[in-house]
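Asks: Pasting in a structure now, in structure tokens, and then I'll have a few things to ask.
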Amino acid sequence: MNRPERAFPRQEIRLERRLPTYWRVTFDLPPVNIFGPRETLRLGEIITAIEQDEQVKVVVFDSAVDGFFITHYDFLAPLEESANIPPGPTGLQALPDMLVRLSKAPVVSIASIRGRATGVGSELALASDMRFASREKAILSQWEVGAGLVPGGGPMARLPRLMGRGRALEVLLSADDINGDLAERYGYVNRSIPDAELDGFVDALAMRIASFDKQAIADTKQLVDVASLPRDSEIKPEWDAFIAALGRPASQKRIKALMDRGFHRAGDVENRLGFYVGQLGS
Amino acid sequence: MNRPERAFPRQEIRLERRLPTYWRVTFDLPPVNIFGPRETLRLGEIITAIEQDEQVKVVVFDSAVDGFFITHYDFLAPLEESANIPPGPTGLQALPDMLVRLSKAPVVSIASIRGRATGVGSELALASDMRFASREKAILSQWEVGAGLVPGGGPMARLPRLMGRGRALEVLLSADDINGDLAERYGYVNRSIPDAELDGFVDALAMRIASFDKQAIADTKQLVDVASLPRDSEIKPEWDAFIAALGRPASQKRIKALMDRGFHRAGDVENRLGFYVGQLGS
Amino acid sequence: MNRPERAFPRQEIRLERRLPTYWRVTFDLPPVNIFGPRETLRLGEIITAIEQDEQVKVVVFDSAVDGFFITHYDFLAPLEESANIPPGPTGLQALPDMLVRLSKAPVVSIASIRGRATGVGSELALASDMRFASREKAILSQWEVGAGLVPGGGPMARLPRLMGRGRALEVLLSADDINGDLAERYGYVNRSIPDAELDGFVDALAMRIASFDKQAIADTKQLVDVASLPRDSEIKPEWDAFIAALGRPASQKRIKALMDRGFHRAGDVENRLGFYVGQLGS
Numbered sequence: 338m339n340r341p342e343r344a345f346p347r348q349e350i351r352l353e354r355r356l357p358t359y360w361r362v363t364f365d366l367p368p369v370n371i372f373g374p375r376e377t378l379r380l381g382e383i384i385t386a387i388e389q390d391e392q393v394k395v396v397v398f399d400s401a402v403d404g405f406f407i408t409h410y411d412f413l414a415p416l417e418e419s420a421n422i423p424p425g426p427t428g429l430q431a432l433p434d435m436l437v438r439l440s441k442a443p444v445v446s447i448a449s450i451r452g453r454a455t456g457v458g459s460e461l462a463l464a465s466d467m468r469f470a471s472r473e474k475a476i477l478s479q480w481e482v483g484a485g486l487v488p489g490g491g492p493m494a495r496l497p498r499l500m501g502r503g504r505a506l507e508v509l510l511s512a513d514d515i516n517g518d519l520a521e522r523y524g525y526v527n528r529s530i531p532d533a534e535l536d537g538f539v540d541a542l543a544m545r546i547a548s549f550d551k552q553a554i555a556d557t558k559q560l561v562d563v564a565s566l567p568r569d570s571e572i573k574p575e576w577d578a579f580i581a582a583l584g585r586p587a588s589q590k591r592i593k594a595l596m597d598r599g600f601h602r603a604g605d606v607e608n609r610l611g612f613y614v615g616q617l618g619s
Numbered sequence: 338m339n340r341p342e343r344a345f346p347r348q349e350i351r352l353e354r355r356l357p358t359y360w361r362v363t364f365d366l367p368p369v370n371i372f373g374p375r376e377t378l379r380l381g382e383i384i385t386a387i388e389q390d391e392q393v394k395v396v397v398f399d400s401a402v403d404g405f406f407i408t409h410y411d412f413l414a415p416l417e418e419s420a421n422i423p424p425g426p427t428g429l430q431a432l433p434d435m436l437v438r439l440s441k442a443p444v445v446s447i448a449s450i451r452g453r454a455t456g457v458g459s460e461l462a463l464a465s466d467m468r469f470a471s472r473e474k475a476i477l478s479q480w481e482v483g484a485g486l487v488p489g490g491g492p493m494a495r496l497p498r499l500m501g502r503g504r505a506l507e508v509l510l511s512a513d514d515i516n517g518d519l520a521e522r523y524g525y526v527n528r529s530i531p532d533a534e535l536d537g538f539v540d541a542l543a544m545r546i547a548s549f550d551k552q553a554i555a556d557t558k559q560l561v562d563v564a565s566l567p568r569d570s571e572i573k574p575e576w577d578a579f580i581a582a583l584g585r586p587a588s589q590k591r592i593k594a595l596m597d598r599g600f601h602r603a604g605d606v607e608n609r610l611g612f613y614v615g616q617l618g619s
Numbered sequence: 338m339n340r341p342e343r344a345f346p347r348q349e350i351r352l353e354r355r356l357p358t359y360w361r362v363t364f365d366l367p368p369v370n371i372f373g374p375r376e377t378l379r380l381g382e383i384i385t386a387i388e389q390d391e392q393v394k395v396v397v398f399d400s401a402v403d404g405f406f407i408t409h410y411d412f413l414a415p416l417e418e419s420a421n422i423p424p425g426p427t428g429l430q431a432l433p434d435m436l437v438r439l440s441k442a443p444v445v446s447i448a449s450i451r452g453r454a455t456g457v458g459s460e461l462a463l464a465s466d467m468r469f470a471s472r473e474k475a476i477l478s479q480w481e482v483g484a485g486l487v488p489g490g491g492p493m494a495r496l497p498r499l500m501g502r503g504r505a506l507e508v509l510l511s512a513d514d515i516n517g518d519l520a521e522r523y524g525y526v527n528r529s530i531p532d533a534e535l536d537g538f539v540d541a542l543a544m545r546i547a548s549f550d551k552q553a554i555a556d557t558k559q560l561v562d563v564a565s566l567p568r569d570s571e572i573k574p575e576w577d578a579f580i581a582a583l584g585r586p587a588s589q590k591r592i593k594a595l596m597d598r599g600f601h602r603a604g605d606v607e608n609r610l611g612f613y614v615g616q617l618g619s
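Chains as they are written, first to last, in my numbering: chain C, 338 to 619; chain D, 338 to 619; chain Y, 338 to 619.
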């Protein structure tokens, strides 16, 4: 558990109860907001708190790390740490379990995306009820296919429902970086907002919804979910496919090549992951 | 049935058979095109005529009242008037019944939206086959959650199929006014058209479709509907949720607060309902 | 099989294996890329090759004919030629069979659309995994309803899943030409690209995907398809409806009127088919 190689002053996911009805969850895992087994456990606690609290109506997810919303899963963490996390209440593995529960919670979840939302970051945004992006500073991507992997946290189920099959296949199979403007045109996010206005916009929307009746919110959301939310049985095979792909030589070779170039460290590979997965060769 | 307090020179929903193949339905219920039990009965007659006529191919819905397409349900009408309307042929309550039947009719329905399409107005537009909006003068909204209500006429089933779950949840849970530009970007309407061109555009499209073969139109529409139209069983619980919410103190308090400020009368509350529901407090 | 009346120097659908992993299929059927029974057989061979090859990862469809990607079905070919083609492996008729198989193949298909993609051309593009259009030179349409027909190759199932029911009904029931800009706004194509950049964009995307791992591509695509691809049982009735409509006087009269004006020949009717079907009268 001791990781001196990235001993940053703080390494946390913060839960701030700005109001009893309006919470903020802030990812502060410098330098690049990598999400691994420890973060899985921490986010799981927060999702449970969201589900159980009787007052909260809105929760906003954002980042305190410049350039990164949340990036990909932690491929340096010992595999046992991930494997040892038990499945969640839905019966799904921990990460897809908490994403599914976030979507179903009787609380409005809003992803406020500034910087890279790659892999897990994109998957958390897609599991949230709404997504707003910085027009200049947001990058969304599912980079996994570029590394010989299959995404594991729901995007094959969720992206086609937001943007249609063709654009979803482009996002997933190009494995490339999508900027704020294109993310809005594709429906990857609700809207892209000029960076200087993003925080004010999201805060005003959250405050507005927090002023409404919790039961009216929850009942309306539940009726939307009837036809628009994937069933758990659609989410499950994605994680299985991710684990299977992780064990294949194609992904091991590509992940190693990325590591050799600077993956998992501050620098150009993390900043332009879409470019680098396109340079690995077949 | 006598309502001297809004005794306007005319209070009607007009059906004009412009051609045997092309009909227009015009809402003329000044000052703000509120839709209540009387309008439910009248629109029901028109929907039945559309279903039974052998020649009509296209019907356009528009408004003769400046600033309003159709706004919300009539909360001043005696509740018995609404309760006394029997369910329709689908077994659904009268309003969702006629919206469902409009979607299934072997006739093309087009909503031409100028002014506010709020609540029932948005729901009628969503049940129509196509929606075109004045870029400058259309406002769409589902304001209900802002008043502690749950919308009752189908938008939880229909909006996510048009714009994806995230944007649908934003429309429904922000309960805010959506202008013509954003309505087009979100797919709430097919297109927003410069106001000066809207009538000509819709008329030309209607005339064009009216020149085509009725069976080719009906067969094509029926095949589109197989996968894209919600089943009646998805629509039904929305009305039930609306009625349940209407009986709760949260909505009663909010509707009363809106009435105190000028709801149901010409003026700023009706003109900017999205703003006002955001001012009621929790 | 001898058709001296359109004896062009070449009449073919070319398969070029640019790399073992990256194929191009080019429609070269001047003057207007009409697609008939002979092309059905040829494209069927190509789809089978795509399914069976172990190396190919990406196939791009494009055209060598100025102004036309692929236009409509060949109404001059003897009906026996079409009727004699046996159903395909899916049990569907030959054309819908091969479109369905293309969508399901473990290979990424990309339609690069320059010129008219009308009828069969639109249907092939919709069955492809991704669609990119020349902003200036692409026209997409389902013209069939304008000729008293019902489209037969899947668009009633596929269009609403890409753009929602309202825009799909507009495309199908207006039967009008859709330019590159509107096609992008509606999600008919992934993106419209300035014509000068289209070929470079598509080639770079294809080369990029061809550098990725075939199994990661195939597994990811298969998971996207679970919820986003129509079942074969939705596609089948479209072909049946097309054949039924083709036997009705309404379509025969309209097709004859189009033939009298120049249909199936180079010229204004083929160039502006959307306009001409609007001139036939009811």
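A virtual CB, placed ideally from N, CA and C, is assigned to each residue, including glycine.
What residues are listed by DSSP as bridge partners for residue 450(D)?
Replies: Indexing the second sequence from 1 puts residue 450(D) at position 113. Paired residue(s): 470(D).
Asks: What residues match up with residue 576(Y) in a beta bridge as DSSP calls it?
Replies: Within the third sequence, numbered from 1, the residue matching residue 576(Y) stands at position 239. In DSSP, residue 576(Y) forms no bridge with anything.
Asks: Scan the stretch 433-449 of chain C for residues whose Cβ lies nearer than 9 Å to a Cβ of chain Y and list them as they occur along the chain.
Replies: none
Asks: Below 7 Å on C-beta distance, what does residue 467(Y) contact in chain C?
Replies: Here residue 467(Y) refers to the residue found at position 130 of the third sequence. Within 7 Å Cβ-Cβ: 503, 506, 507.
Asks: Give me whichever residues DSSP pairs with residue 361(C) in a beta bridge.
Replies: As a first step, residue 361(C) is located in the first sequence; it is residue number 24 there, counting from the start. BP columns for residue 361(C) point to 353(C), 397(C).
Asks: Does the beta-carbon of residue 608(C) have 16 or more other beta-carbons within 10 angstroms, so that it is buried, or is it exposed?
Replies: For the purposes of this step, residue 608(C) is taken as residue 271 along the first sequence, with counting starting at 1. By the neighbour-count definition (other C-beta atoms within 10 Å, threshold 16), residue 608(C) is a buried residue.
Asks: Below 7 Å on C-beta distance, what does residue 521(D) contact in chain C?
Replies: Walking along the second sequence from the start, residue 521(D) turns up at place 184. Within 7 Å Cβ-Cβ: nothing; residue 521(D) doesn't reach chain C, min ~12 Å.
Asks: Can you tell which of 353(C), 450(C), 494(C), 599(C) has its C-alpha closest to the C-alpha of residue 570(C)?
Replies: Locating residue 570(C) in the first sequence gives position 233, counting from the first residue. Minimum Cα distance to residue 570(C) is reached at 494(C).
Asks: If we ignore side chains and look at the alpha-carbon of each, how far apart do residue 566(C) and residue 496(D) end up?
Replies: As a working note, residue 566(C) is residue 229 in the first sequence. As a working note, residue 496(D) is residue 159 in the second sequence. For residue 566(C) and residue 496(D), the distance between alpha carbons rounds to 13 Å.
Asks: Drop a sphere of 10 angstroms on the beta-carbon of residue 479(C), count the other beta-carbons inside from all chains shown, and report buried for 16 or more, exposed for fewer.
Replies: As a working note, residue 479(C) is residue 142 in the first sequence. Under this definition residue 479(C) is a buried residue.
Asks: I'd like to know whether the C-beta atoms of residue 556(Y) and residue 582(C) end up nearer to each other than 8 Å.
Replies: Residue numbering aside, residue 556(Y) sits at position 219 when the third sequence is read from its first letter. Residue numbering aside, residue 582(C) sits at position 245 when the first sequence is read from its first letter. Yes, they are a contact pair.
Asks: What did DSSP end up calling residue 455(Y) once you bin it into helix, strand or coil?
Replies: Along the third sequence, one-based indexing puts residue 455(Y) at 118. Residue state, collapsed to three classes: strand.
Asks: Would residue 355(C) count as contacting chain D if we go by Cβ distances under 8 Å?
Replies: Locating residue 355(C) in the first sequence gives position 18, counting from the first residue. Residue 355(C) does not count as touching chain D.
Asks: Could you work out which residue in 415(D), 449(D), 405(D) is closest to residue 528(D) when comparing CA atoms only?
Replies: Taking the second sequence and counting its residues from 1, one reaches residue 528(D) at position 191. Selected option, being the one with the closest Cα: 449(D).
Asks: Between which two residues does the alpha helix (DSSP H) carrying residue 546(D) extend?
Replies: Here residue 546(D) refers to the residue found at position 209 of the second sequence. Its alpha helix (DSSP H) spans residues 532-547.
Asks: Considering only DSSP beta bridges, list what residue 525(C) is partnered with.
Replies: Counting from 1 along the first sequence, the entry for residue 525(C) is found at position 188. For residue 525(C), which the question treats as bridged, DSSP gives no partner whatsoever.
Asks: Quick check on residue 477(D): does DSSP put it in helix, strand or coil?
Replies: One-based indexing of the second sequence puts residue 477(D) at position 140. Residue state, collapsed to three classes: strand.
Asks: In whole angstroms, what is the alpha-carbon distance linking residue 354(Y) and residue 419(Y)?
Replies: Within the third sequence, residue 354(Y) is the residue found at index 17, counting from 1. Within the third sequence, residue 419(Y) is the residue found at index 82, counting from 1. Distance between the alpha carbons of residue 354(Y) and residue 419(Y) is about 29 Å.
Asks: Listing by chain order, which chain D residues have their CB less than 7 Å from the CB of residue 482(Y)?
Replies: Locating residue 482(Y) in the third sequence gives position 145, counting from the first residue. Within chain D, the residues near residue 482(Y) are 549, 553, 554, 557.
Asks: Which residues, taken in chain order from the stretch 554-584 of chain D, show a beta carbon closer than 8 Å to some beta carbon of chain Y?
Replies: Per Cβ criterion, the list reads 554, 556, 557, 558, 560, 561, 562, 563, 564, 565, 566.
Asks: Under 7 Å between beta-carbons, which chain Y residues line up against residue 324(D)? List them in chain order, please.
Replies: Residue 324(D) lies beyond the range of chain D shown here (338 to 619); nothing can be said about it.
Asks: How far does the beta strand (DSSP E) with residue 371(C) in it reach, from first residue to last?
Replies: Looking up residue 371(C) in the first sequence gives position 34. Taken as a continuous stretch (DSSP letters only), residue 371(C) belongs to no beta strand (DSSP E), as it is neither H nor E.
Asks: Could you spell out the range, first to last residue, of the alpha helix (DSSP H) harbouring residue 600(C)?
Replies: Taking the first sequence and counting its residues from 1, one reaches residue 600(C) at position 263. According to the DSSP assignment, residue 600(C) belongs to no alpha helix (DSSP H), since it is labelled neither H nor E.
Asks: For residue 515(D), which residues does DSSP report across the bridge?
Replies: Locating residue 515(D) in the second sequence gives position 178, where the first residue counts as 1. Answer is 477(D).
Asks: Keeping to the same chain, check which residues put their C-beta closer than 6 Å to that of residue 373(D); ignore five residues upstream and five downstream.
Replies: As a first step, residue 373(D) must be located in the second sequence, where it is residue number 36. Counting only Cβ-Cβ distances below 6 Å, and skipping sequence neighbours, we find 411, 414.
Asks: Interface residues of chain Y around residue 408(D) at Cβ under 7 Å?
Replies: For the purposes of this step, residue 408(D) is taken as residue 71 along the second sequence, with counting starting at 1. Within chain Y, no residue comes near residue 408(D); the closest Cβ sits about 21 Å away, beyond 7 Å.
Asks: Using the C-alpha atoms, what's the distance from residue 474(D) back to residue 378(D)?
Replies: Mapped onto the second sequence, residue 378(D) falls at position 41. Mapped onto the second sequence, residue 474(D) falls at position 137. Computed Cα separation, rounded: 28 Å.
Asks: Are the beta-carbon atoms of residue 477(Y) and residue 459(Y) separated by less than 8 Å?
Replies: Position 140 of the third sequence, counting from 1, holds the residue named residue 477(Y). Position 122 of the third sequence, counting from 1, holds the residue named residue 459(Y). Yes, the Cβ-Cβ distance between residue 477(Y) and residue 459(Y) is below 8 Å.
Asks: What is the residue span of the beta strand (DSSP E) that residue 407(C) lies within?
Replies: Counted from its first residue, the first sequence places residue 407(C) at position 70. That run of the beta strand (DSSP E) goes 405-407.
Asks: Taking the DSSP output, what are the residues bridged to residue 410(Y)?
Replies: Counting from 1 along the third sequence, the entry for residue 410(Y) is found at position 73. Bridge partners of residue 410(Y): 372(Y).
Asks: Which first and last residues belong to the alpha helix (DSSP H) in which residue 440(D) is found?
Replies: Translated into positions along the second sequence, residue 440(D) becomes position 103. 431-441 is the span of the alpha helix (DSSP H), which, as asked, contains residue 440(D).
Asks: Cα separation between residue 434(C) and residue 464(C)?
Replies: Here residue 434(C) is taken as the residue at index 97 of the first sequence, counted from 1. Here residue 464(C) is taken as the residue at index 127 of the first sequence, counted from 1. When rounded, the distance between both Cα atoms is 11 Å.
Asks: Under a Cβ-count criterion, where at least 16 other Cβ atoms within 10 Å of its own Cβ denotes burial, should residue 492(D) be classed as buried or exposed?
Replies: Here residue 492(D) is taken as the residue at index 155 of the second sequence, counted from 1. When all chains shown are included, residue 492(D) counts as buried.
Asks: Closer than 9 Å between beta carbons: that is the criterion. Which residues of the stretch 418-432 of chain D meet it against chain Y?
Replies: For the stretch 418-432 of chain D, no residue has a beta-carbon sitting nearer than 9 Å to a beta-carbon of chain Y.
Asks: Quick check on DSSP: helix, strand or coil for residue 445(C)?
Replies: Translated into positions along the first sequence, residue 445(C) becomes position 108. Here residue 445(C) sits in strand by DSSP.
Asks: Terminal residues of the continuous alpha helix (DSSP H) containing residue 561(C)?
Replies: Stepping through the first sequence from its first residue, residue 561(C) is reached at position 224. Looking at the DSSP string, the run of the alpha helix (DSSP H) that includes residue 561(C) is 551-565.
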